[in-house]
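A.B. asks: Here it is: the structure, laid out below.
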Amino acid sequence: MRFMVIVKASKDTEAGVMPSTEMLAAMGKFNEEMVKAGVMQAGEGLHPTSKGARVKYTGKPAVSHGPFAVTGDLVCGFWLIETGSLDEAIGWMKRAPFDGGAEIEIRQIFSAEDFGEALTPELREQEERLRAQASRK
Amino acid sequence: MRFMMLMIPKGYETAAPGTMPPADAVAAMMKYNEALKNAGVLITLDGLHPPSMGARVSFAGGRPLVTDGPFTEAKEVLGGYWMIDVASRDEAIAWACKCPAGPNEVIEIRQVQEMADFPEDVQKAAAGFGGKGN
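Here it is in structure tokens:
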């Protein structure tokens, strides 16, 4: 099972405050453990919403520019991990070297199997081709 | 420049476990995904099961605290994402505007941090963090 671990933004991440050297070293070590265990597939940080935008689709797409209010729902980074269960994913993330206030959300990623018969063989082939050909940069 | 397009479907915060997107919406999205791929901008994409099937871990009290979904205080949640590689934020916004999204949906465009964005001392300390694991 694949999971997306969503790291929530805070006032600090939105202000562009960088983590300390100690935090980065601890996070590097944690990532290395997950890679060695074959759990971690990707992990990225996102620039603050001040450099971002939103598009709404009521009628014509309407663009608004960041920053957006820190509501507890904003994102500042993520991991993609693969484990045997949600509990195993939670087990890994309990070991993440976060300090006070940090919050993460663990969400299961859809797989082709989840769609059952709605995903016809043709659609499934299209999906697989798409993934194989998407430019890996 | 790499950007994430974060799909935020209003109402998904209260979706029941096992909720699936409707087939016609999936078909329209597949077409859009093909267009992204054919333009050479698509890196990867994923859809997420509802938050009612997920969990949150908070680190406020020094000890990790696990909460099972759904998360009653959430006003908006992710439904999925695209990772794209384009020349500018404007180009990313233009791609988002082409998405066959519904009136209940918002796409947030966020630039991905690259190692080169950080000062040298941070780059050294961060070796191994934020990099692609695959």
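From first to last, the protein sequence lines stand for chains A and B. First residue of the first sequence: 1, per our numbering; consecutive thereafter. First residue of the second sequence: 1, per our numbering; consecutive thereafter. Note that the Cβ used here is the ideal one computed from N, Cα and C, for glycine as well.
1) Between the Cα of Ala27 of chain B and the Cα atoms of B:Val122, B:Pro100, B:Asn104, which residue gives the shortest distance?
2) With DSSP run on the structure shown, which of helix, strand or coil describes Gln123 of chain B?
3) Could you pull the start and end residues of the beta strand (DSSP E) that Arg2 of chain B belongs to?
4) Please list the residues of the segment 44 to 56 of chain A that have a C-beta atom closer than 9 angstroms to any C-beta atom in chain B, keeping them in chain order.
5) Exposed or buried, which one is Met83 of chain B when buried takes at least 16 other CB atoms within 10 Å?
6) State the Cα-Cα distance for the pair Ser88 of chain B and Met4 of chain A, rounded to the nearest angstrom.
7) Spatial neighbours of Lys132 of chain B within its chain, please: C-beta separation below 6 angstroms, excluding the five flanking residues on both sides.
8) Using a Cβ-Cβ cut-off of less than 9 angstroms, list which residues of the segment 50 to 61 of chain B approach chain A; keep chain order.
9) From what residue to what residue does the alpha helix (DSSP H) around Val66 of chain B run?
10) Tell me which same chain residues have a C-beta within less than 7 angstroms of the C-beta of Ser85 of chain A, skipping the five on either side of it?
11) Just to confirm before moving on: does the CB-CB distance between Gly45 of chain A and Asn31 of chain A stay below 8 angstroms?
12) Hey, how far is the Cα of Met53 of chain B from the Cα of Asp73 of chain A?
13) Quick check on the DSSP output: the beta strand (DSSP E) that includes Asp46 of chain B runs from which residue to which?
14) Our contact map puts Gly16 of chain A next to Glu108 of chain B with C-beta atoms below 8 angstroms; I'd like the distance itself, whole angstroms only.
15) Pick from B:Ala116, B:Leu78, B:Glu120: whose alpha carbon is nearest that of Met4 of chain B?
16) Taking the runs of the beta strand (DSSP E) that are 3 residues or longer, which of them lie wholly in the segment 43 to 112 of chain A?
17) Looking at the C-beta of Met115 of chain B, does it have a partner C-beta in chain C at a distance below 8 angstroms?
C.D. replies: Here's the rundown:
1) B:Pro100
2) helix
3) 2 to 9
4) Glu44, Gly45, Leu46, His47, Pro48, Thr49, Lys51, Gly52, Ala53, Arg54, Val55, Lys56
5) buried
6) 26 angstroms
7) Below a pLDDT of 50, predicted positions are generally treated as unreliable, and Lys132 of chain B, at 42, falls in that range; no measurement from the model is reported.
8) Pro50, Pro51, Met53, Gly54, Ala55, Arg56, Val57, Ser58, Phe59, Ala60, Gly61
9) Where Val66 of chain B is concerned, there is no enclosing alpha helix (DSSP H), although the beta strand (DSSP E) it sits in stretches over 65 to 68.
10) Met1
11) no
12) 17 angstroms
13) 42 to 47
14) The Cβ separation is near 17 angstroms, so there is no contact.
15) B:Leu78
16) 53 to 56, 62 to 65, 75 to 82, 103 to 108
17) Absent from the structure: chain C. Protein chains present are A and B.
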